[in-house]
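J.: Quick one: the structure is below, questions incoming.
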Amino acid sequence: MIILDKALQRRQEEGRPIKVGIVGAGFMGRPVARRLINDVPGIQLVGVANRTVERAAEALREIGVDATRAESVEAVEAAAEQGTYVVTDDPHLLCAADGIDIILEVTGAVDFGARVVLDAIEHGKHILLMNAELDGTVGPLLKAKADAAGVMYGNVDGDQPGVIMNLYRFVEGLGCTTKLLGNIKGLQDPYRNPTTQQGFAERWGQTPSMVTSFADGTKVNFEMAIVANNTGFTAAKRGLYQPEVPAGTPIEEIADYFPVDKILESDGIVDYCVGASPGPGVFALATHPDPLHQHYLNLYKLGEGPLYVFYTPYHLCHFEVPTSIVRMVDFADAPVAPIGAPVVEVVALAKAALEAGTIIDGLGEYLTYGEAENHLTARQENLLPIALAEGARVKGPLAKNAALTLDDVELADRLIVDLWHEQLRHFEGQPVPESLSARA
1 MIILDKALQR
11 RQEEGRPIKV
21 GIVGAGFMGR
31 PVARRLINDV
41 PGIQLVGVAN
51 RTVERAAEAL
61 REIGVDATRA
71 ESVEAVEAAA
81 EQGTYVVTDD
91 PHLLCAADGI
101 DIILEVTGAV
111 DFGARVVLDA
121 IEHGKHILLM
131 NAELDGTVGP
141 LLKAKADAAG
151 VMYGNVDGDQ
161 PGVIMNLYRF
171 VEGLGCTTKL
181 LGNIKGLQDP
191 YRNPTTQQGF
201 AERWGQTPSM
211 VTSFADGTKV
221 NFEMAIVANN
231 TGFTAAKRGL
241 YQPEVPAGTP
251 IEEIADYFPV
261 DKILESDGIV
271 DYCVGASPGP
281 GVFALATHPD
291 PLHQHYLNLY
301 KLGEGPLYVF
311 YTPYHLCHFE
321 VPTSIVRMVD
331 FADAPVAPIG
341 APVVEVVALA
351 KAALEAGTII
361 DGLGEYLTYG
371 EAENHLTARQ
381 ENLLPIALAE
391 GARVKGPLAK
401 NAALTLDDVE
411 LADRLIVDLW
421 HEQLRHFEGQ
431 PVPESLSARA
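With my numbering as the guide, the letters of the sequence shown map in order to residues 1 to 440.
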């Protein structure tokens, strides 16, 4: 941030702001737009696309901004040139318009988001996501496509994967060797559903399915899969260790709840805990090889080791999106992006017994929840990635908590299914990436 704020101030003073198009005007898209318009020098929001265009217009009106409905690429280009605002129900207009530097995809929808990413890449736009489900499923392929097109692809800072990666880079910069990268959750119940989460969703203005994906563990498993694909770290077991600790347990004590010997022997794993404080922050467990530095880490109140706990006590989501934009555009530094072939994916488990002929519903719904599994294991066992499950028809009865395989279902005709198979072909025969720390 110390460098990034100066870079944005310089852009503002020189009259050459980074020009942004946002796709999605929901729970995250709205506050991001407000930040870019009200708070951030050096960035110009050009337009917002949303499937219901009135929602995009309302997102800008509540900031005090009037926007014109764009019906053509030329209308978007004129707004970029003149410093005015447009809304549209067609994200292609933002992706195709000259003058826009970067597309921020904030829909959370897998198929729709994939189309936006592909369109942005095709038109030479950097693409920044707030869409863990898409990135955790076909992010390695989308990153490869962006690389081939000479544009940047990645997920934002501010959400847990980005905050974890900032912490990881900090810890490695101290000369430590990171052994575990983790997330802090307050609740874990794989059987939560939109009915149980309705009240919480209404209180915070979120959709019940979104809240359910947090509560049933699907979301955090996607987040840790993203971190794994960004670092080369692996899953120690399906669903991760996810220790549940007494509520309010200080995160400084979290190493006591993991199998320390296995962590020390590993080349790096991703995981999370439930109940520790401060939540919802992130943490890292790391070692240091030098006895002298171990002495000083103890002096600085990090304990005697062998695992030292580092943590960030919060994640601020949309507040940190502007720094993600300038990192990507001015410094070619994606906050979070896959480093090669998939390492960890998120597979589907049955939330309830499933009968033959059942059509599986979406993420954060009633029938499935997701758990992280190493990619090689998942492919050896032919497991079903949960993002592919929506719309699939179950062939035969499946027990509650069964891990679904591709043989258990007939997949729906969806873009994410096609991209996932393309990803398998693209990386066939390529080794799983080594951890970044192992290469340092």
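Using N, Cα and C, we set each Cβ at its ideal position, and we do this for glycine too.
Who are R393's beta bridge partners in DSSP?
T.: Paired residues: I359 and E410.
J.: Would you mind working out which of A356, L264, E422 and A286 sits nearest E252, comparing C-alpha positions?
T.: The shortest C-alpha separation from E252 is found at A286.
J.: What residue does the beta strand (DSSP E) around Q44 start on, and which one ends it?
T.: Run containing Q44: I43 to A49, per the beta strand (DSSP E) assignment.
J.: Check whether the region 164-172 touches the region 143-150, taking contact to mean three or more Cβ pairs, one atom from each stretch, closer than 8 Å.
T.: Flag = no, the region 164-172 and the region 143-150 do not touch.
J.: Does the region 311-325 come close enough to the region 150-164 to have 3 or more Cβ pairs within less than 8 Å?
T.: Touching, yes, given that three or more Cβ pairs across the two stretches are closer than 8 Å.
J.: Using only the alpha-carbon positions, how far apart do Q233 and Y85 sit?
T.: Contrary to the premise, residue 233 reads as Phe rather than Gln in this sequence. Roughly 42 Å between the two C-alpha positions.
J.: Quick one: what's P385 bridged to in DSSP?
T.: Note: P385 sits in a beta bridge opposite V347.
J.: Scan the region 65-142 and note each continuous alpha helix (DSSP H) run of 4 residues or more that stays entirely inside, going in chain order.
T.: Fully enclosed alpha helix (DSSP H) runs of 4 or longer: 73-82, 91-96 and 110-122.
J.: Between D290, A389, A235 and V20, which lies nearest to T377 when the distance is taken from Cα to Cα?
T.: Nearest option by C-alpha distance: A235.
J.: Could you give the first and the last residue of the continuous alpha helix (DSSP H) run that contains G173?
T.: Run containing G173: Q160 to G173, per the alpha helix (DSSP H) assignment.
J.: Is the beta carbon of I360 closer than 9 Å to that of G396?
T.: Against a cut-off of 9 Å, the Cβ pair of I360 and G396 comes out as no contact.
J.: With distances taken between CB atoms, is the gap from L415 to R115 smaller than 9 Å?
T.: Yes, the Cβ-Cβ distance between L415 and R115 is below 9 Å.
J.: What residues are listed by DSSP as bridge partners for N155?
T.: Answer is L129 and V336, bridged to N155.
J.: CB T231 to CB G268, shorter than 9 Å?
T.: Yes, Cβ-Cβ distance for T231 and G268 is below 9 Å.
J.: Identify whether K262 lies in helix, strand or coil by the three-state DSSP scheme.
T.: K262 falls in the helix class under three-state DSSP.
J.: F319 lies in the alpha helix (DSSP H); which residues open and close that run?
T.: First-last for F319: undefined, no H or E at that position.
J.: Taking the alpha helix (DSSP H) that N229 falls in, what are its first and last residues?
T.: Taken as a continuous stretch (DSSP letters only), the alpha helix (DSSP H) holding N229 covers T218 to T231.
J.: Kindly confirm or deny that the region 215-231 and the region 324-344 touch, where touching means at least three C-beta pairs closer than 8 Å.
T.: Cβ pair count under 8 Å is three or more, so yes.
J.: Here's the rule: buried if 16 or more other CB atoms are within 10 angstroms of the residue's CB, otherwise exposed. What is A247?
T.: Burial call: exposed.
J.: Determine which residues share a DSSP beta bridge with I269 and list them.
T.: Answer is L180 and T234.
J.: Less than 9 Å between the C-beta atoms of P306 and L264, yes or no?
T.: Against a cut-off of 9 Å, the Cβ pair of L264 and P306 comes out as a contact.
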